[in-house]
Amino acid sequence: MTARGLEEPLLVVSDGHKGLKKAVRGVFPRAFEEPFLAHKMRNIIRKVPRKLQKEIKGLVLAVFYASSYEQGLRQGNELIARFNNRYPSAMECPSEDLEECLTYLRFPVAHHKAISTTNLLERSFGEGRRQTKVMPRFPSEESCLRLAYASLITASKSWHGVRMTLDIRWQFEALRRQTFGNQKIEMQEDLVAV
28 MTARGLEEPL LVVSDGHKGL KKAVRGVFPR AFEEPFLAHK MRNIIRKVPR
78 KLQKEIKGLV LAVFYASSYE QGLRQGNELI ARFNNRYPSA MECPSEDLEE
128 CLTYLRFPVA HHKAISTTNL LERSFGEGRR QTKVMPRFPS EESCLRLAYA
178 SLITASKSWH GVRMTLDIRW QFEALRRQTF GNQKIEMQED LVAV
């Protein structure tokens, strides 16, 4: 992707696979990383007794969907301290990357919902698997790519874009400067003039 012109993004969302995280760090060392929150939640819940799962899920959701990054860190650390002695393996999940889980809270509020969930990606992958599962084999690599492309085009018709107002663009520029130094985002002249 970098060979095709991708510049370092502000955010990379992944499933937390150690090899993938290492590769992302190697190519995009300053980008924020965020694990799939749904996967993280499932990992935590599976490691507590069934009778406590509902309570723990509510507490973890309160951390993941806090009103600010700082509040999320505070609540997360309190949750870890409260249950670490009783359920150390469950609390190991959030304690190893709590800051990464809350990364989306650093971004503009208008984008929180879009970047805090991977449902869109997972649904797209699921549709791709559903389409290819019925094929015993593909006659060529090109035919497989055509089917994958067609299923993504169909899925993308229901996607909704994220808002990018001038205020949100300035928030991104401030975050990019904080993260990458004095590098500027190219602002479209028509937006700057507004």
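The numbers in my numbering rise by one with no breaks, and the one at position 80 of the sequence shown is 107.
Even glycine gets a Cβ: it sits at the ideal position worked out from N, Cα and C.
Since this is a predicted model, take the numbers as computed values, not measurements.
Check whether residue i and residue j have beta carbons under 7 Å apart
{"i": "Ala-117", "j": "Lys-81", "result": "no"}
{"i": "Leu-33", "j": "Ser-41", "result": "no"}
{"i": "Leu-129", "j": "Gly-99", "result": "yes"}
{"i": "Cys-120", "j": "Ile-71", "result": "yes"}
{"i": "Ser-143", "j": "Ala-182", "result": "no"}
{"i": "Ala-11", "j": "Arg-190", "result": "With the chain running from 28 to 221 in the structure shown, residue 11 is simply not present."}
{"i": "Pro-36", "j": "Ala-58", "result": "yes"}
{"i": "Gln-102", "j": "Ala-108", "result": "no"}
Alpha carbon of residue i to alpha carbon of residue j, nearest angstrom
{"i": "Val-90", "j": "Arg-31", "result": "38 Å"}
{"i": "Val-54", "j": "Asp-124", "result": "20 Å"}
{"i": "Ala-141", "j": "Ser-185", "result": "14 Å"}
{"i": "Glu-97", "j": "Glu-126", "result": "10 Å"}
{"i": "Leu-106", "j": "Val-87", "result": "8 Å"}
{"i": "Ile-83", "j": "Ser-122", "result": "15 Å"}
Residue i (DSSP reduced to helix, strand or coil)
{"i": "Ser-183", "result": "helix"}
{"i": "Leu-193", "result": "helix"}
{"i": "Gly-32", "result": "coil"}
Option in the options with minimal Cα separation from residue i
{"i": "Glu-60", "options": "Ile-107, His-44, Arg-69", "result": "His-44"}
{"i": "His-66", "options": "Glu-149, Arg-113, Arg-196", "result": "Glu-149"}
Quiz item: When the Cβ atoms of the region 154-163 are set against those of the region 174-188, are three or more pairs found closer than 8 Å?
Solution: yes
Quiz prompt | Validate contact between the region 160-174 and the region 132-142 using beta carbons, cut 8 Å, 3 pairs | solution = no
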